[in-house]
Structure formats: C-alpha cells, structure tokens
Amino acid sequence: MKIRYYTSRIFLHGMLYSIYFWKNEWEIGVEKVLKEELRIIVGNNFSLPQGIDEYSMVQQVIDLLSSTDPELRDKLAYRILDNWLLEKKLLSDEQLVKLLNNAISHNMLFNRIGEVGTDSIFLRSFSSLLIALLLFRDNRDQYLTENKVLKIMNTLITYCKSEKDYRGYVDGKGWAHAAAHISDALDECVRNRYVGLEECKLVWSGLNSILESAPEVFSSEEDERLATTVTAMVELGKVPPSVICEWLMEVKLPAVNELTRRHNRINFKHFTRCLMIRLSEKGLLGAENDLIRVERRFNPYNQ
177 MKIRYYTSRI FLHGMLYSIY FWKNEWEIGV EKVLKEELRI IVGNNFSLPQ
227 GIDEYSMVQQ VIDLLSSTDP ELRDKLAYRI LDNWLLEKKL LSDEQLVKLL
277 NNAISHNMLF NRIGEVGTDS IFLRSFSSLL IALLLFRDNR DQYLTENKVL
327 KIMNTLITYC KSEKDYRGYV DGKGWAHAAA HISDALDECV RNRYVGLEEC
377 KLVWSGLNSI LESAPEVFSS EEDERLATTV TAMVELGKVP PSVICEWLME
427 VKLPAVNELT RRHNRINFKH FTRCLMIRLS EKGLLGAEND LIRVERRFNP
477 YNQ
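According to my numbering, the stretch in the sequence shown is residues 177 to 479, in order.
Written out as structure tokens, the structure reads:
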C-alpha cells in the first residue's frame, strides 16, 4: 500500500500550525481536530483566535472548501466565511479583490474543470458560493470597479458553459450542487449597480447553458435557484417579462439523443413553471401571461 506524505494546517488553542502527516494514518484525526477547532470558533460567536492575521485566517478557512467532509466544508468553513465576510466585515477592499481574483481562477472555480464524478467538483462549486459572498459584499459596500464586476460576470458565464458535473447531493460527501451555487453567484451579478439589460442577457446565456447541458433531470431544486436569478432581473426592472419569454422561445433543445433531449425539455419546463409562479406571486406578470405559452412549448401534455 502506497503511503503519501502531506502538509496540512490545523487550529490548536487559537493558533494556526503547519503539520505533516501520513495520509493513511492521520487524515481522519487531522480532520477531527480541524472540525473541533472550527466548532469552537462558531461557538465563540465566530471570534477569530487572538494574534492571527485576519487575511491569513480567511485564506486558511477558504482552503477547506475543497474538503469532501460535508460538515467541515459546508456547515463550518462556509458558515464561518459567511459570518466573517458579511457580518463582521473583515478585510480591506484590496484584500477582498485578491480573494475574488483567486476564486475565479484555475486555482478554484476552474480547478480541473470538465471532470465528472470526481471530488474536484466540491472546490469548484463552493468557489461559486464564495464568489457570491464577495459579490454580495460589493453590492452592499461597493468596493469593485465596473470593469472588475463585468470581468467577474463574464468569467462566471464562461464557467457555466464549461462545467460538466451537475450532481446534487453526493452520499457521504454532501452537496456538490454546482448549478445551484453558480446561480447564487449570478444572482448577485444581476443585483449589481453596473448590470443592465444587455448584461442580464449574457447572464441568461450562462443559465441557458446549464439547462441545455445537464444530462439528467434536476432533482435537487436547481430549477428554483436558477429561477431566483431570472426573477431578480424582472423584479429589479432590468428585464421586462416579455423579453424573458422571448429568450425562452428562442431556446434550441440539443439533439444529442432522444433521452438527453427529453431531460433538457423537462428541465426547461420545470424552470419555466418556477419562474411563472415566482413572478405571478410578486404581481410581475401582466393580464396576458406569455409564460403559459412558453410552458406549453416544453410540455407536450399541455397542448
């Protein structure tokens, strides 16, 4: 049995240490220590350990977003980042930009892009959530330039057209949920002060790519998260409902094979229904609900 040598970092008594361990012997123990230290941070009102540089600490927690342990990655690391970046408002504008630059790079969002069924999906997908947090921070505090916002938006759209792994919940490893998480990031783009109709059309092209590319019918409410992003376009007055209907009527279902085409059609049908209900509940649909006509396009049983 081959034993590999690893470097990791752990929190011990409020201090961060680099350690070396034999993966096959110590990995479980190291993760146990990490989780316990992070639980202490959460239980202490998310307070940072004394004497630790804020930026360094945030980076170390970001490193845990690639973990296959759902508690470590999702319930602890991501939860802590949410609090530190949004509630405690840690880091300077320059440091936040550095985090974004890394998050949209091949180190994170595009890490091993194109792989399907591997653990690399967790880093890519949770990079989307980190980007969503950082964009939410910008929507509130306005630390990004227009050029930077549009660059990030276009990078996210490129990711939508490149991601191939659309798993939802992975047994033993928790949520992958790439389609849902990137939708959250794009929702923050739509809400940005620099994004108007033309930019929303580009965002739609990314969402459309997800709906066209998914090889299976979404089963983890990805359609709801996608609909949230498009609902925001209408609710914020950036895109009229009639234009959304035009976009959906222009959709060309891929002809890879009959089964895939069926799955894509069902995904578009479910998405359209989610969107129609959301807009209707918000009073954003006119007397002539064109989305009903759109739904019929994807529903052979409603002709």
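Cβ coordinates follow ideal geometry from the N, Cα and C atoms, glycine included.
- Pairing V427 with D399, the inter-Cα distance amounts to about 16 Å.
- Rounded to whole angstroms, the gap between the alpha carbons of E397 and N443 is 10 Å.
- When V234, Y254, T294, N277 are compared, the shortest CA-CA separation from L267 is found for V234.
- In the DSSP assignment, T407 falls within the unbroken alpha helix (DSSP H) covering 398–411.
- CA-CA distance, L306 to K337, rounds to 19 Å.
- Out of N220, K324, V237, S304, the CA that lies nearest to the CA of D269 is found in K324.
- In this structure, the beta-carbon distance from M284 to S303 falls below 8 Å.
- Here the segment 354–370 makes contact with the segment 401–411; the two share three or more CB pairs at distances below 8 Å.
- When DSSP states are grouped into helix, strand and coil, Y231 belongs to the helix group.
- Close CB contacts of E471 within its chain, under the 8 Å cut and outside five residues either way in sequence, are with K445, T448, R449, M452, N478 (chain order).
- With distances taken between CA atoms, L299 lies nearest to L241 out of L310, K340, L241.
- For I420 against V410, the beta-carbon gap comes to about 7 Å, under 8 Å, which counts as contact.
- Contact between the segment 269–279 and the segment 312–322 is present: three or more C-beta pairs spanning the two stretches fall below 8 Å.
- Under the DSSP assignment, Q271 falls in the alpha helix (DSSP H) whose first and last residues are 269–279.
- Leaving aside the five residues that flank L383 on each side, the residues in its chain whose CB is nearer than 8 Å to its CB run, in chain order, C336, S359, L362, L402, T405, V406.
- Counting along the chain, the unbroken alpha helix (DSSP H) around P417 starts and ends at 417–425.
- Excluding residues up to 5 positions away in sequence, E230, M233 lie with their Cβ nearer than 7 Å to the Cβ of L224 in the same chain.
- Taking a contact to require three or more Cβ pairs closer than 8 Å, the segment 243–257 and the segment 275–283 do not qualify as touching.
- About 7 Å separates the Cβ atoms of M329 and V371, confirming a contact at the 8 Å cut-off.
- Excluding the 5 residues flanking it on each side, P391 has same chain C-beta neighbours closer than 8 Å at Y342, T436, H439, in chain order.
- For N323, the enclosing alpha helix (DSSP H) has its first and last residue at 322–336.
- When the beta-carbon positions are compared, F222 and K251 stay at least 8 Å from each other.
- The residue from F474, V415, E434 with its alpha-carbon nearest to that of L461 is V415.
- The DSSP-derived three-state label of Y345 is strand.
- For the options G348, A408, D258, the alpha carbon positioned closest to that of C365 is the one of A408.
- Contact check for V218 and I256: beta-carbon distance about 7 Å, within the 8 Å limit, so the pair qualifies.
- Going by DSSP, T436 is part of the alpha helix (DSSP H) stretching over 434–457.
- Of all alpha-carbon atoms in T294, I297, L332, the one lying nearest the alpha-carbon of A308 is that of L332.
- The DSSP-derived three-state label of G350 is strand.
- Sixteen is the threshold: since fewer than 16 other Cβ atoms of the shown chains lie within 10 Å of the Cβ of V292, the residue is exposed.
- Between the alpha carbons of I238 and T334 lies a distance of about 22 Å.
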